[in-house]
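First comes the structure, then the notes that go with it.
Residue numbers (this note's numbering): 533 to 947.
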């Protein structure tokens with residue numbers, strides 16, 4: 533099939549030609565590779581693929597043996613692709629500096645956040661780096677003359693994490709995948725723990741010499757076998773995290789956890805093989821289950837917090853009613869909320885969300901501020917009182933003077 537320009541368009545592939553992730557039916561991103569317009573899942577893949585083609589590296593697509601494991605698995609040798617000129621507009625920020633939002637994979641606690649921010653603060657040219665542990669997103673601003681995007685990605689990789697340009701679809705898919713994977717590990721650990729307990733509890737409560745030694749040894753071997761899935765599958769995140777910590781010569785929270793699991797399991801195996809001493813298979817499986825359970829519930833709480841933050845971000849309206857000649861005229865024109873500046877006079881009609889942090893200069897109304905404060909009861913606001921952007925006007929029309937632009941509003945500060 534040919535497109536409007538006479539190029540062949542591939543409609544056989546349902547996945548991104550660059551990274552292999554699913555492509556939305558409404559996706560308009562594509563790159564011409566070997567005279568065929570190949571589908572791309574996001575502007576990031578489109579820009580990287582275009583950079584590969586423009587630099588004469590199309591052989592990469594002809595000779596590769598498999599698709600990359602998602603955008604998150606960035607090849608260190610390919611980090612320079614993120615410095616391509618095609619991405620300059622994507623990274624361009626205000627005041628001539630560059631800024632972007634990155635997704636970070638591997639976040640486990642506040643210590644991870646501290647480590648990433650600390651490392652980036654040491655990077656020449658980085659002016660601002662803020663990591664949100666709930667959303668797993670990193671806001672970075674840097675001087676393009678002193679620092680490149682690949683430098684930032686490499687710095688994050690050096691401390692044991694993977695960073696890649698934020699894409700809402702890929703970010704959401706990755707979070708859901710991680711949650712499902714963690715739940716599977718938790719389920720296996722719980723199942724192992726319950727089965728091991730079936731053999732451990734009778735030994736604990738049995739009277740001396742009431743169970744034959746051969747039977748006790750048989751139950752030990754059964755407990756060992758049932759503990760293997762918990763140690764070699766469910767506990768893998770702890771061992772992987774500990775190994776990453778040791779490689780960067782920084783002992784994190786996973787190191788003592790991994791050592792405790794390994795020591796208790798190895799000691800129990802030795803006692804089982806030797807036929808003497810104590811075994812701790814029940815303690816090992818319970819320890820893994822409880823740790824994974826705490827991580828799972830923490831992850832669920834973070835996802836809910838992230839969803840609430842996203843709701844806050846979308847609470848500000850896209851447009852507002854601007855009174856350009858107030859008080860001479862009350863004729864209002866609809867303008868994008870992003871164009872509002874401090875001192876502008878706006879009209880908030882019943883049912884409209886307030887476009888920016890403002891002060892009422894005419895009228896009295898009731899506001900629904902439940903999204904901001906959780907308070908379900910409407911709150912009355914009169915002339916001279918402050919109104920936070922995002923609050924919904926559920927009373928009478930009021931006229932307000934903007935005090936802060938939308939990008940500096942209280943609502944976005946909370947988000």
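Glycine is no exception: its CB is placed at the ideal position from the N, C-alpha and C atoms.
Beta-carbon to beta-carbon, residue 892 and residue 919 are separated by about 6 Å, close enough to satisfy the 8 Å threshold. Nearest to residue 766 by C-alpha distance, out of 709, 746, 725, is 725.
When the beta-carbon positions are compared, residue 679 and residue 656 come within less than 9 Å of each other. Taking one beta carbon from each stretch, the segment 813-820 and the segment 714-731 have 3 or more pairs nearer than 8 Å; the two touch. Put simply, the backbone Cα of residue 791 is about 30 Å away from that of residue 669. Residue 747: member of the alpha helix (DSSP H) spanning 745-761, first to last residue. Between residue 825 and residue 831, the alpha-carbon positions lie close to 10 Å from each other. Sequence-distant Cβ neighbours of residue 793 in its own chain, meaning closer than 7 Å and more than five residues away, are 763, 767, 770, 816, 819, 820.
The beta-carbon distance between residue 849 and residue 869, rounded to whole angstroms, is 6 Å. This is short enough to meet the 8 Å contact definition. Residue 791: member of the alpha helix (DSSP H) spanning 786-806, first to last residue. From the listed residues 802, 877, 917, the smallest Cα separation to residue 937 is found for 877.
Distance between residue 757 and residue 563, taken at the CA atoms: about 52 Å. Residue environment for residue 901: buried (at least 16 other C-beta atoms within 10 angstroms of its C-beta). In this structure, the alpha-carbon of residue 932 lies about 16 Å from that of residue 911. Looking only at 822, 778, 862, 684, the smallest Cα-Cα distance to residue 673 is reached by 684.
Here DSSP, grouped into helix, strand and coil, assigns residue 569 to strand.
Our two residues, residue 772 and residue 638, have alpha carbons roughly 10 Å apart in a direct line. Annotation for residue 811: 752, 755, 800, 803, 804 place their beta carbon closer than 7 Å to its own, counting only its chain and skipping 5 residues before and after. By the beta-carbon neighbour count (other beta carbons within 10 angstroms, threshold 16), residue 561 is buried. DSSP places residue 862 in the coil class of the three-state scheme, outside both helix and strand. Within a 10 Å sphere around the beta-carbon of residue 582 sit 16 or more other beta-carbons, which makes this residue buried. Per DSSP, residue 685 is one residue of the alpha helix (DSSP H) stretching across 681-690.
The C-alpha of residue 710 is placed about 21 Å away from the C-alpha of residue 787. CA-CA distance, residue 837 to residue 734, rounds to 44 Å.
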